[in-house]
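J.: In my numbering, the protein residues as written are 21 to 273.
Just so it is clear, CB atoms sit at the ideal spot from N, CA and C, and this is done for glycine as well.
Here the structure is a predicted model, which is why all the values come from computation and not from measurement.
Could you have a look at this structure, given as structure tokens, before my questions?
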């Protein structure tokens with residue numbers, strides 16, 4: 021990673037501005053965009069996710085509050101932190117349980133590598149370290165890593181295709197690979213929408229689907245909503261709703 025950062029700093033062809041006039045958020049949806057914020061831009065992406073799982077004689081309700089912090093170190097390099105707080109409520113025929121605690125902490129960086137030109141997609145890599153959470157009710161005993169290879173093809177002014185290829189390593193567990201395929205539509209200057217398919221690749225192939233929209237309040241503030249149905253190969257029902265906001269500020273002037 022140090023070699024890659026050095027190349028990005030020293031190569032003049034990688035110094036073009038990434039800053040956009042309106043906020044460019046990874047929300048809503050599962051996919052990360054193949055872009056960076058631009059130098060001296062700070063952005064927060066926060067979401068509330070409610071997931072309901074029904075399996076036989078038990079019901080589970082998962083609530084996640086997700087906060088993703090991003091800062092543009094260079095035009096094509098940004099630093100990031102992810103903090104996730106979860107609540108899990110399980111109800112069976114004769115018992116109930118409830119757990120609430122932090123379940124994820126990550127620090128990472130994103131590198132914008134290739135611009136979208138014709139059929140060649142834009143390419144970015146997000147790499148993060150997963151920290152141990154030994155005292156959490158959702159413990160992570162060993163550190164891990166998460167690498168996301170993101171691509172974007174801007175097909176027209178109103179249509180784009182995004183893909184993510186995700187490589188998750190948690191402690192001594194086998195490498196888990198997954199994918200996201202996202203189609204995004206621009207409805208107007210303020211409204212965007214998307215539909216996507218995502219799931220696991222390693223060990224077994226799964227498919228889940230979600231869709232939603234975003235609304236631009238102003239150039240630096242966006243709200244969003246989405247919902248999805250997740251792979252139910254091992255459950256009777258698995259669906260979620262998600263609400264979020266994205267906000268940025270910059271010190272570019």
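So for residue 272, helix, strand or coil by DSSP?
T.: Here the question's residue 272 lines up with position 252 in the chain shown. Looking at residue 272 - three-state DSSP - the assignment turns out to be coil, as it is neither helix nor strand.
J.: Suppose the cutoff is 6 Å on Cβ atoms and the five residues either side in sequence are ignored; what does the same chain contact list for residue 59 look like?
T.: To locate residue 59, count along the chain shown from 1; it is residue 39. Only 92, 94, 95 meet the Cβ criterion.
J.: Residue 64 and residue 39 - do their beta-carbons sit closer together than 8 Å?
T.: What you label residue 39 is simply residue 19 of the chain shown in a count that begins at 1. What you label residue 64 is simply residue 44 of the chain shown in a count that begins at 1. No, Cβ-Cβ distance for residue 39 and residue 64 is not below 8 Å.
J.: Near residue 29, which residues of its chain fall below 6 Å by C-beta distance, leaving aside the five closest residues on each side in sequence?
T.: What you label residue 29 is simply residue 9 of the chain shown in a count that begins at 1. Residue confidence for residue 29 is low, a pLDDT of 40 falling below 50, so the modelled location carries little weight; the figure read from the coordinates is stated next. Around residue 29: no qualifying Cβ.
J.: List the residues that DSSP assigns as beta-bridge partners of residue 211.
T.: Position 191 of the chain shown, counted from the start, is the residue given in the question as residue 211. BP columns for residue 211 point to 235.
J.: Assess, as a yes-or-no matter, whether the segment 139-146 is touched by the segment 106-117 under the definition of 3 or more beta carbon pairs within less than 8 Å.
T.: These segments do not touch.
J.: For residue 23, count neighbouring Cβ atoms within 10 angstroms of its own Cβ and tell me buried if that reaches 16, exposed if not.
T.: By 1-based counting over the chain shown, the position of residue 23 is 3. Legend: pLDDT at residue 23 = 42, less than 50; position of this residue unreliable, no value from coordinates given.
J.: Specify, as a first and last residue, the run of the beta strand (DSSP E) that residue 90 falls within.
T.: Within the chain shown, residue 90 is the residue found at index 70, counting from 1. First-last of the beta strand (DSSP E) with residue 90: 78-94.
J.: Once DSSP output is grouped into helix, strand and coil, what is the label at residue 47?
T.: Residue numbering aside, residue 47 sits at position 27 when the chain shown is read from its first letter. Correct three-state label for residue 47: coil.
J.: Could you check if residue 268 is buried or exposed, using at least 16 other CB atoms within 10 Å of its CB as the buried criterion?
T.: Residue 268 sits at position 248 when you count from the first residue of the chain shown. So residue 268 counts as buried.
J.: Tell whether a beta-carbon distance below 8 Å holds between residue 275 and residue 100.
T.: Because the chain is modelled from 21 through 273, residue 275 falls outside the range shown and cannot be assessed.
J.: Is it buried or exposed for residue 150, if we count other Cβ within 10 angstroms and need 16 for buried?
T.: In the chain shown, the residue the question calls residue 150 occupies position 130. Residue 150 is buried by the Cβ-count criterion.
J.: Out of 241, 262, 263, 230, which one is the CA nearest neighbour of residue 5?
T.: The question about residue 5 has no answer here: the residues shown for the chain are numbered 21 through 273.
J.: How many angstroms separate the CA atom of residue 56 from the CA atom of residue 81?
T.: The sequence position of residue 56 within the chain shown is 36, counting from 1. The sequence position of residue 81 within the chain shown is 61, counting from 1. Going from the Cα of residue 56 to the Cα of residue 81 covers about 34 Å.
J.: Roughly how many whole angstroms lie between the Cα atoms of residue 86 and residue 221?
T.: The residue given as residue 86 occupies position 66 in the chain shown. The residue given as residue 221 occupies position 201 in the chain shown. Those two C-alpha atoms are separated by around 24 Å.
J.: Please report how far the alpha carbon of residue 35 lies from the alpha carbon of residue 133, in whole angstroms.
T.: Taking the first residue of the chain shown as position 1, residue 35 is located at position 15. Taking the first residue of the chain shown as position 1, residue 133 is located at position 113. Low local confidence applies: a pLDDT of 48 at residue 35 is under 50, so the model's placement there is unreliable, with the coordinate-based value given in what follows. For residue 35 and residue 133, the distance between alpha carbons rounds to 11 Å.
J.: Hey, would you say residue 216 sits closer than 8 Å to residue 49, going by beta carbons?
T.: As a first step, residue 216 is located in the chain shown; it is residue number 196 there, counting from the start. As a first step, residue 49 is located in the chain shown; it is residue number 29 there, counting from the start. Yes; because the gap between Cβ atoms is below 8 Å, this pair is in contact.
J.: Drop a sphere of 10 angstroms on the beta-carbon of residue 163, count the other beta-carbons inside from all chains shown, and report buried for 16 or more, exposed for fewer.
T.: Residue 163 sits at position 143 when you count from the first residue of the chain shown. When all chains shown are included, residue 163 counts as exposed.
J.: For residue 254, I'd like the list of residues in its chain whose CB is within less than 8 Å of its CB, leaving aside the five on either flank, ordered along the chain.
T.: Position 234 of the chain shown, counting from 1, holds the residue named residue 254. Only 75 meet the Cβ criterion.
J.: Which partner residues does residue 219 have in the DSSP bridge list?
T.: Numbered from its first residue, the chain shown carries residue 219 at position 199. According to DSSP, which records beta bridges pairwise, residue 219 is partnered with 199.
J.: Give the DSSP-derived three-state secondary structure of residue 267 in the structure shown.
T.: Taking the first residue of the chain shown as position 1, residue 267 is located at position 247. DSSP places residue 267 in strand when its eight states are reduced to three.
J.: Report the residue from 144, 204, 41 whose alpha carbon sits nearest the alpha carbon of residue 167.
T.: Position 147 of the chain shown, counting from 1, holds the residue named residue 167. Checking every option, the nearest Cα to that of residue 167 belongs to 144.
J.: Nearest by alpha-carbon distance to residue 103: which of 121, 115, 116, 213 is it?
T.: One-based indexing of the chain shown puts residue 103 at position 83. Nearest of 121, 115, 116, 213 to residue 103, Cα basis: 121.
J.: Which of helix, strand or coil does DSSP assign to residue 54?
T.: Here residue 54 corresponds to residue number 34 of the chain shown, with the count starting at 1. The answer is coil: DSSP assigns residue 54 none of H, G, I, E or B.
J.: From this set, 161, 118, 183, which residue's C-alpha is nearest residue 107's C-alpha?
T.: The residue given as residue 107 occupies position 87 in the chain shown. It is 118.
J.: From the DSSP output, read off the bridge partner residues of residue 121.
T.: The count along the chain shown starts at 1 and reaches residue 121 at position 101. According to DSSP, which records beta bridges pairwise, residue 121 is partnered with 106.
J.: Report the rounded CA-to-CA distance for residue 262 versus residue 256, giving the unit in angstroms.
T.: Here residue 262 corresponds to residue number 242 of the chain shown, with the count starting at 1. Here residue 256 corresponds to residue number 236 of the chain shown, with the count starting at 1. If you take the alpha carbons of residue 262 and residue 256, they lie about 21 Å apart.
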